[in-house]
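Numbering (my numbering) for the sequence shown: 1 to 141. Step one of this worksheet: look at the structure below.
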Amino acid sequence: MKYPDNIVPEKHAVILFDGVCNLCSGAVQFFIKRDKDAILKYASLQSESGQALLQEYGLPLTQFNSFVFIHNKKVYLRSSAALQAVRMLSAPLNWLYGFIIVPRFIRDGVYNIIAKNRYKWFGQQESCMIPTPELKSRFLP
């Protein structure tokens with residue numbers, strides 16, 4: 001299934017996240033609270049929208065161990081995705097983007113350790129997070 005380009009207007013960016021991971025769902029809540037202009041849109045990696053975007057960008061459809069950030073038709077993974085996403089927030093949080101100067105193999109090494117242990121350290125849910133009616137417009141259909 002090809003994901004229609006018009007579903008994600010160009011002014012928006014998309015965060016794809018593991019919908020059953022407590023850490024990932026917490027990160028989404030963090031971004032929602034701080035994204036006052038609602039620039040960021042969200043979809044779980046397991047959702048129909050998430051799967052369509054993964055397929056469109058040639059990413060694995062069954063490995064949900066990476067945070068994915070899509071903006072201007074460019075895909076970022078792992079630590080680069082997190083830093084690109086935080087860059088969309090207001091100061092001083094967007095200053096965290098400065099960590100981009102740390103070599104990616106170091107950033108992703110730390111990211112991979114957290115990703116590997118996220119269920120053990122933070123737990124997981126039985127099913128994907130369901131947005132409240134007020135937040136439904138922030139999530140891809």
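In this text, a Cβ means the ideal position worked out from N, Cα and C, and glycines have one as well. Model, not experiment: these values are computed from the prediction.
{"query": "Range of the contiguous beta strand (DSSP E) that encloses V28", "result": "Not the beta strand (DSSP E): V28 falls in the alpha helix (DSSP H), residues N22 to R34."}
{"query": "Backbone CA spacing between N117 and Y42 [nearest angstrom]", "result": "23 Å"}
{"query": "Beta-carbon proximity check, S66 vs R107, cutoff 9 Å", "result": "no"}
{"query": "Exposure label - D35; buried when at least 16 CB within 10 Å", "result": "buried"}
{"query": "Pairwise C-alpha distance: L53 and P60", "result": "10 Å"}
{"query": "Inter-residue Cα distance where the pair is T62 and F99", "result": "29 Å"}
{"query": "L40 beta carbon less than 9 Å from that of V145", "result": "Coverage of the chain is limited to positions 1 through 141, which leaves residue 145 absent and any answer about it impossible."}
{"query": "Entirely enclosed beta strand (DSSP E) segments - the stretch 50-120, minimum 3 residues", "result": "68-71 and 74-77"}
{"query": "Whole-Å CB distance - V86 paired with Y97, under 8 Å assumed", "result": "6 Å"}
{"query": "Cβ shell of H199 (< 6 Å), same chain only, five flanking positions each side left out", "result": "Since the displayed the chain opens at 1 and closes at 141, residue 199 lies outside it and no answer follows."}
{"query": "For G26 and Q46, believed in contact at Cβ under 8 Å, the rounded distance", "result": "Rounded, the Cβ-Cβ distance is 17 Å, inconsistent with contact."}
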